[in-house]
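So the sequence shown is numbered by the working numbering: it starts at 35 and just counts up by one.
Backbone N, C-alpha and C define an ideal beta-carbon position, used for all residues, glycine too.
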Amino acid sequence: MLRKLLLLSIAAAVCINSQENNETFLLTIFLRHDQSKNVDQINDITGKTGFRDKFPPKGIDVVSWYVMMGIGQVVTLRVPPSRLREVNRIIETSAWGGYRTEFYPTYDYKPIWQSDWASGKSR
């Protein structure tokens, strides 16, 4: 419960900061396979709900989309704060049943890491 509250607080802070700067934020979504179903069953469920047609919503940038063996799919989107509810509702109405979902506000650490590495700073 504490973990969920912490993640919710972080998401709210990211959204508020993004709204003030009229920017987007990164949102990573875990689409965890329901292992009580095989891939054909998952595809049947998400096909009937229109998941592939609805997700990602038009105009939302897909930063990365990976398949993690034994986990499912991990999608990172660039989302304007004003469209967060839309992304959430699409997941709720079309992914549930085939996937268990988790949402994480995200940031790209690689450029920071590379800058620190190049300058010799320790982390």
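Within the same chain, show all residues whose beta-carbon is closer than 7 Å to that of residue 141, passing over the 5 residues directly before and after it, in chain order.
Only 60 meet the Cβ criterion.
Which partner residues of residue 108 appear in the DSSP bridge assignment?
According to DSSP, residue 108 bridges with 64, 100.
Whose C-alpha, out of 104, 57, 84, is nearest the C-alpha of residue 72?
When only C-alpha atoms are compared, the closest one is 104.
Quick one: any contact between the segment 123-139 and the segment 78-88, if contact means 3 or more CB pairs under 8 Å?
Yes, the segment 123-139 touches the segment 78-88.
On the DSSP bridge assignment, give the partners of residue 134 in chain order.
DSSP, once it has assigned bridges, lists 66 as partnering residue 134.
DSSP on residue 89, reduced to helix/strand/coil?
Correct three-state label for residue 89: coil.
Along the alpha helix (DSSP H) that carries residue 82, what are the first and last residues, could you check?
It spans 73-83 - the alpha helix (DSSP H) in which residue 82 sits, taken as one unbroken run.
Residue 149 lies in the alpha helix (DSSP H); which residues open and close that run?
Per DSSP, residue 149 belongs to the alpha helix (DSSP H) from 144-153.
Taking just the CA atoms, how far does residue 57 sit from residue 139?
So the alpha carbons of these two residues sit roughly 14 Å apart.
What does the alpha-carbon distance come out to for the pair residue 43 and residue 107?
Any reading at residue 43 needs caution, since the residue's pLDDT is 47, under 50, leaving its predicted position unreliable; the model's value is listed next. Rounded to the nearest angstrom, the two C-alpha atoms are 24 Å apart.
Expressed to the nearest angstrom, what Euclidean distance is found between the alpha-carbon atoms of residue 121 and residue 135?
Distance between the alpha carbons of residue 121 and residue 135 is about 12 Å.
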